[in-house]
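Report on one structure; see the data block that follows.
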């Protein structure tokens, strides 16, 4: 009984992680993030090139992806990076 309850709880948690998405996110990669690994397995040997390709595919200089379960916003433009790190 405990095993069945644990399995159901794990399945519900994984489904929650798949469909949970913060509001107002920039466009993301065309592939879904895996529940525990995020997009890490899709980055390949040259992650900077993969991230740049995802930005080009979404036709935006800002994109998001998941490194594990951590949400990461990727800026692909010098002026955006400069604006993000400016103190007001």
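Residue numbers (the numbering used here): 1 to 88.
Glycine included, each C-beta is placed from N, C-alpha and C at the ideal position.
task = Please work out which residues of its chain come closer than 8 Å, Cβ to Cβ, to residue 43, disregarding the five sequence neighbours upstream and downstream, and give them in chain order.
result = The residue you call residue 43 lines up with position 43 of the chain shown. Excluding sequence neighbours, residue 43 sits near 50 and 51.
message = Excluding the 5 residues flanking residue 74 on each side, which residues of the same chain have their C-beta closer than 6 Å to its C-beta?
response = Here residue 74 refers to the residue found at position 74 when the chain shown is read from its first residue. For residue 74, where only same-chain residues beyond five positions count, the Cβ hits under 6 Å are 51 and 63.
inquiry  = Out of 60, 14 and 45, which one is the CA nearest neighbour of residue 77?
reply    = In the chain shown, residue 77 corresponds to position 77, counting from 1. Of 60, 14 and 45, the residue nearest in Cα terms is 60.
task = Measure from the alpha carbon of residue 91 to the alpha carbon of each residue in 69, 27 and 45, then state which is nearest.
result = Not covered by the structure: residue 91. The range shown for the chain is 1 to 88.
key: Spatially closest choice to residue 21 from 8, 9, 7 and 38, by CA coordinates   = Start at 1 with the first residue of the chain shown, and residue 21 comes out as number 21. Residue nearest to residue 21 within the set 8, 9, 7 and 38 is 38 (criterion: CA-CA distance).
query = Between residue 31 and residue 87, what straight-line distance do the alpha-carbon atoms span, to the nearest angstrom?
reply = If you number the chain shown from 1, residue 31 lands on position 31. If you number the chain shown from 1, residue 87 lands on position 87. The C-alpha of residue 87 is placed about 34 Å away from the C-alpha of residue 31.
ask   = Expressed to the nearest angstrom, what Euclidean distance is found between the alpha-carbon atoms of residue 5 and residue 19?
value = Counting from 1 along the chain shown, the entry for residue 5 is found at position 5. Counting from 1 along the chain shown, the entry for residue 19 is found at position 19. Going from the Cα of residue 5 to the Cα of residue 19 covers about 21 Å.
ask   = So is residue 13 buried or exposed if we call it buried at 16+ other beta carbons inside 10 Å?
value = Here the question's residue 13 lines up with position 13 in the chain shown. Exposed, by the Cβ-count rule.
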